[in-house]
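Heads up: the structure comes next, in structure tokens.
Residue numbers (our numbering), protein chains in the order written: chain B, 15 to 288; chain H, 3 to 128.
See below:
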């Protein structure tokens, strides 16, 4: 055969290029098809998913707490008593399921410019937002925290390894870490849990804890403890937001409410009437 | 053998010491633990043998079902007695004395579960 060295090299080079390029070109084409079909599906379900099942939510009427002084403190104390939340006596170790915060700290994303003076001293109750898209659940490496079907973000303290990723992930500061043994005693021999509720467990040192929307009370047909305390003044409305007939749905329909930092896309289940 | 006057007695002494736990307890069978059963209740949530071998599995199943799936808080025994699916509020309602029930077997088998780091045991038994 009368082939030259030069021709042979040319053919070999072209074959190599074709061999490398063909599969990737093929893949790109296939992927393009996949993206096209996915685009079609997404177009059908544009926007938020249709509400299905239960989703518990809460509306807090902030003005009612100013009118009834001491009510907010009562809500906090009832919650912390029935859930055996320890009081370590200092801000650094503080464990809080529900707590009182100022307007500017609760709503740092809202404008603070030229607000009414009354807002400054308003006690605003804050607790876990039980987000529809909870960042803490995504951060947890052991699935100790999870979102339930009824919209409640729950915690299984058995699984918590105390890594505190969830605390870093929560944009609302709703999680507390047990730096000390909650069953312990302070320097004066006083237990950190003043009166233990024998119906509910405590936690141990090294786990994170937070509000559970009173799952254990809802299961036996009771409303959350803070809602019960505020029931007379109707300062807190609690219920299923996906049920159009529920009280909370009516309130949300008729009143202007705000959520804490809605722009980050966590979809909180807590609403505030200011 | 060099130094057998000392080596052989020392070996015998060593063997005797090593096997002393066997001689110490020889002849008597070790006592099985007898957990105290509640007097007012005749049946448990599952047959005794099943409870004996896998009560911890049952507790884990209750926990996962209730906490994650929103499962029922109560159950029924085959005879129709209702019970609460909870260690603290269910099990301990009948088996109210942890020391005489839980600890009897756990100490015997040298098992140290961490249930009571968080769960509260009935006051009268503490």
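Using N, Cα and C, we set each Cβ at its ideal position, and we do this for glycine too.
Taking only three categories from DSSP, how would you classify residue 102/H?
coil
Show which residues of chain B have a CB atom less than 7 Å away from the CB atom of residue 121/H.
215
Residue 152/H: first and last residue of the uninterrupted alpha helix (DSSP H) it sits in
There is no way to answer for residue 152/H, as the model of chain H reaches only from 3 to 128.
Cβ of residue 101/H within 9 Å of any chain B Cβ
no
The segment 117–127 of chain B touching the segment 143–154 of chain B, judged by at least three CB pairs closer than 8 Å:
no
Beta-carbon proximity list for residue 194/B, same chain, < 7 Å, skipping 5 on both sides
102, 107 and 219
Classify residue 127/B as buried or exposed, calling it buried when 16 or more other Cβ atoms lie within 10 Å of its own Cβ.
exposed
Give the residues of chain B in contact with residue 54/H, contact being defined as C-beta atoms less than 8 Å apart.
Residues of chain B passing the Cβ test: none, with the nearest at roughly 22 Å.
Measuring CA to CA, which of 47/H, 6/H, 8/H and 14/H is closest to residue 86/H?
47/H
Extent of the continuous beta strand (DSSP E) to which residue 169/B belongs:
167–169
Kindly indicate which residue of 82/B, 278/B and 267/B has the alpha-carbon position closest to the one of residue 148/B.
278/B
Straight-line gap, residue 238/B to residue 30/H (C-alpha atoms, nearest Å)
58 Å
Name the one or two DSSP bridge partners that residue 75/B has.
287/B
Return helix, strand or coil for residue 111/H, following the three-state DSSP convention.
coil
Would you check if the distance between the CB atom of residue 69/B and the CB atom of residue 275/B is smaller than 9 Å?
no
Below-9 Å beta-carbon distance, residue 234/B vs any chain H residue:
yes
Would you please verify whether the beta carbon of residue 90/H is less than 9 Å from any beta carbon of chain B?
yes
To the nearest angstrom, how far is the alpha carbon of residue 57/B from that of residue 281/B?
In this prediction, residue 57/B scores a pLDDT of 43, lower than 50, which makes its location untrustworthy; the coordinate-derived value is nonetheless stated afterwards. Distance between the alpha carbons of residue 57/B and residue 281/B: 22 Å.
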